[in-house]
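Asks: Below you'll find the structure I mean.
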Amino acid sequence: MKKIISAVCLVFTIHTMSAQLVENLRIGLESNAAWYNDDKTTGAFFDDENNDGDEHLRTNSYLKIDYDFLENFTATVQIESYQPLAILNYSPRFKGTDLGIYSLNYNGDKLEANVGHYYEQFGSGLILRNWEDRQLGINNALLGGRLKYKPFDFLNITGLYGKQRVGFSTSAGEIYGFNTEFDVSNALKFENTSINLGFSYVGRNEETDIEDPSFDELTNAFSGRIDVSAGNFYAGAEYVSKSDDVYVFNGQILENFVNPGNALLVNAGYSAKGFGVDATFRRLENMGFFSERATTGNVFLENNVNFTPGLTKQHDYLLTNIFVYQAQSQVVFADPQLMEAGEIGGQVDVFYKIKKGTPLGGKYGTKLAFNASYWAGLKGDYDFANLEYDVDYLGFGAKYFSDISFEMRKKWSKNWNSIIYYVNQYYNQRTIEDNFSGEQIETNIVALESQHKLGSKGKSLRLVLQRLWSNTDSHDWVGGVVEYNFNTKFSIYANDIYNSGTDSSTEKIHYYNFGGSYTKGATRFSINYGRQRAGLVCVGGVCRFVPEATGLSASLLMSF
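Numbering (the working numbering), first residue to last: 63 to 622.
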């Protein structure tokens with residue numbers, strides 16, 4: 063009997079330990095694969111970023127494992143595979159299979175500690191942001207150590223050191239950081255007003271082989287900010303000052319061209335039931351900040367220390383994303399006709415809901431949204447011969463970009479709703495893309511969307527028609543989308559955009575795509591076949607260039 067009891071106890075103990083191990087374990091799997099084929103219309107497939115660029119099959123796969131143990135401890139590893147090669151236009155540093163992320167983390171009531179890879183953001187990110195975006199091919203995690211201490215409910219202090227992740231390696235430059243957040247309203251027991259103050263420091267230290275350089279190996283950046291809210295109003299401001307930083311052009315350091323940098327971000331708004339308005343102003347001067355100087359402006363978005371997204375409306379439609387603004391945060395002295403020191407501008411968002419039961423609101427009400435953004439270069443004196451510039455702090459120079467959009471969302475019945483969308487854009491291709499032959503493009507875009515519910519259990523049909531007119535003969539686009547949802551789990555779609563204009567790279571080509579997805583619980587599988595237009599892919603105002611290609615792609619996401 064004792065042996066039986068002992069055996070039962072042993073089995074129970076093993077089962078309990080196994081259950082505990084599984085309960086403390088979190089696994090996430092993502093795999094994206096593409097087969098690129100030759101296309102009679104667009105030409106044979108070739109990727110000149112790789113020596114063996116005719117490899118048609120590409121995959122990006124990620125296996126992330128988090129394990130909780132003891133009390134407040136977590137271990138994290140992420141294994142990544144890019145074989146035989148990474149998907150088109152990802153950095154060639156993403157190659158093979160290796161350990162991409164590893165860390166040991168402690169999270170207590172007042173203290174948080176990380177050793178290994180970690181992600182961090184100070185303030186809005188103007189001075190420091192580390193993050194991962196697999197769609198864009200970004201992972202600039204810091205490898206080192208970080209401590210966060212919260213001695214009081216109203217005070218947070220962070221100190222960090224690390225080298226940025228670059229592919230499966232790290233940057234040559236070292237990053238030092240300090241941040242403090244002070245909740246004034248909590249400390250002083252304000253009841254109806256919230257006031258938060260922040261101060262940050264980030265240092266980038268990179269040794270140089272240049273004898274007696276005109277710049278310091280350590281570049282320092284300081285940030286101060288304030289956020290205030292009271293009732294329905296809110297406002298915030300952040301200012302960044304960066305010490306002298308050397309100019310880099312096409313990977314070459316021009317040691318006699320050294321300037322400081324700065325940034326100003328101001329945001330204010332009002333929000334109430336059925337109405338909201340938000341306004342943002344930003345000025346950037348020489349705010350490109352990279353953990354390795356020579357990588358300034360690289361197309362793969364590697365080594366970025368700070369975060370300067372394009373502050374414009376993030377559109378959802380195919381034709382509204384042909385001409386996309388990228389923030390112009392860096393100094394550019396490409397030729398006497400193309401000189402920049404940064405950008406200045408802003409955007410305004412307005413939302414209003416027409417009440418139900420009114421003539422314009424109808425039975426379900428009507429939602430209206432308006433957005434306007436304007437961006438320009440910094441006005442000043444630019445001297446190409448002597449590599450000098452002197453800019454006005456609030457002066458608006460050459461116009462870079464503008465975007466005005468209006469959206470109406472209307473529910474007509476229980477099973478039918480529509481969206482009417484209009485966009486007017488101005489795109490200075492020469493300055494935004496540093497394209498010497500670039501045009502000044504003006505567009506008008508209309509999108510009409512309608513979605514119909516077809517019974518219960520998620521069955522629906524979605525239709526989108528789009529049209530783009532421009533002031534040039536090069537761009538005259540039309541597009542459409544059809545999407546059918548069988549239920550909440552399974553959907554299929556087809557879309558196409560076509561340019562009847564004279565642009566040599568896109569003229570008379572149908573950029574079609576069709577595919578579908580299936581979702582069950584925490585698992586999602588999608589598949590797609592079609593043509594990819596050369597251009598920018600953007601997420602949250604950050605963009606990367608993708609080349610033209612045709613092929614089959616598939617994606618699998620699982621977590622358990």
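In this text, a Cβ means the ideal position worked out from N, Cα and C, and glycines have one as well.
(1) Once the 5 residues before and after Leu614 are set aside, which same chain residues still bring their CB inside 8 Å of it?
(2) What is the DSSP secondary structure of Leu381, reduced to helix, strand or coil?
(3) Near Leu449, what residues of its chain come up, given a Cβ to Cβ distance below 6 Å and the 5 sequence neighbours on each side ignored?
(4) Which one of Ser256, Ser276, Val608 has the shortest CA to CA distance from Ala297?
(5) DSSP three-state call for Thr568: helix, strand or coil?
(6) Are the stretch 271–286 and the stretch 327–336 touching, with three or more C-beta to C-beta distances below 8 Å?
(7) Is it buried or exposed, Asn549, if we count other Cβ atoms within 10 angstroms and call 16 or more buried?
(8) Would you call the CB atoms of Thr568 and Arg595 closer than 9 Å?
(9) Looking at C-beta atoms only, is the number of pairs between the stretch 339–353 and the stretch 475–495 that lie closer than 8 Å three or more?
(10) Compute the Euclidean distance between the alpha carbons of Phe362 and Ile237, then round it to the nearest angstrom.
(11) Consult DSSP for Lys64 and reduce its assignment to one of helix, strand or coil.
(12) In this structure, how does DSSP classify Ile189 when only helix, strand and coil are distinguished?
(13) So is Thr159 buried or exposed if we call it buried at 16+ other beta carbons inside 10 Å?
(14) Kindly list the residues whose CB is nearer than 8 Å to the CB of Lys65, restricted to its own chain and excluding five residues on each side of it in sequence; keep chain order.
(15) Can you tell me the Cα-Cα spacing of Ala356 and Val310, whole angstroms?
(16) Go ahead and label Met79 buried or exposed: buried means 16 or more other beta carbons lie within 10 angstroms of its beta carbon, across all protein chains shown.
(17) Going straight from the alpha carbon of Ile494 to that of Lys473, what length do you get?
(18) Less than 8 Å between the CB atoms is what I'm expecting for Ser522 and Asn547, so what's the real figure, rounded?
(19) Just the Cα atoms here: how many angstroms apart are Ser435 and Thr374?
(20) Quick one, are the C-beta atoms of Thr104 and Ile559 less than 9 Å apart?
(21) Counting pairs of beta carbons, one from the stretch 186–197 and one from the stretch 164–178, are three or more of them closer than 8 Å?
(22) Any idea if Phe131 is buried or exposed, counting beta-carbon neighbours within 10 angstroms, 16 or more meaning buried?
(23) For Trp531, which residues in the same chain have their Cβ closer than 6 Å to its Cβ, ignoring the five residues on either side in sequence?
(24) Which of the three DSSP states is assigned to Ala356 in this structure?
(25) On the CB-based measure, 16 or more other CB atoms within 10 Å of its CB, does Arg606 come out buried or exposed?
(26) Roughly how many angstroms lie between the CA atoms of Leu222 and Gln376, to the nearest whole one?
(27) Runs of 3 residues minimum, wholly inside the stretch 539–599: which ones carry the beta strand (DSSP E) assignment?
(28) Keeping to the same chain, check which residues put their C-beta closer than 6 Å to that of Thr585; ignore five residues upstream and five downstream.
(29) Cβ atoms of Pro213 and Lys172: under 9 Å apart, would you say?
(30) Starting from Gln631 and walking both ways along the beta strand (DSSP E), at which residues does that stretch end?
(31) Kindly list the residues whose CB is nearer than 8 Å to the CB of Gln392, restricted to its own chain and excluding five residues on each side of it in sequence; keep chain order.
(32) Using beta-carbon positions only, say whether Leu598 and Arg492 come within less than 9 Å of one another.
(33) Given a cut-off of 9 Å, decide if Gly372 and Val604 are closer than it, judged by their beta-carbon atoms.
(34) Between which two residues does the alpha helix (DSSP H) holding Ala299 run?
(35) Kindly indicate which residue of Tyr168, Asp397, Phe244, Ala460 has the alpha-carbon position closest to the one of Gly442.
(36) Is the beta carbon of Asn368 less than 9 Å from the beta carbon of Arg208?
Replies: Concretely, from the data shown:
(1) Ala96, Trp97, Asn99, Ile589, Asn590, Tyr591
(2) helix
(3) Phe319
(4) Ser256
(5) coil
(6) no
(7) exposed
(8) yes
(9) no
(10) 20 Å
(11) Any answer about Lys64 is weak, because its pLDDT of 41 lies below 50 and its placement is not dependable; what the coordinates show is given next. Lys64 falls in the helix class under three-state DSSP.
(12) coil
(13) exposed
(14) Model confidence at Lys65 stands at a pLDDT of 41, short of 50, so the residue's coordinates are unreliable and nothing is read from them.
(15) 6 Å
(16) Low confidence applies to Met79: its pLDDT is 36, below 50, so where it sits in the model is not reliable, and the reading given next is rough at best. Counting Cβ neighbours within 10 Å, Met79 comes out exposed, since fewer than 16 surround it.
(17) 38 Å
(18) 5 Å
(19) 6 Å
(20) no
(21) no
(22) exposed
(23) Asn506
(24) helix
(25) buried
(26) 33 Å
(27) 552–561, 572–582, 585–594
(28) Met620
(29) yes
(30) Absent from the model: residue 631. The displayed extent of the chain is 63 to 622, so no value can be given.
(31) Asn348, Met349, Gly350, Thr358, Gly359, Glu402, Gly404
(32) no
(33) yes
(34) Not the alpha helix (DSSP H): Ala299 falls in the beta strand (DSSP E), residues 295–311.
(35) Ala460
(36) no
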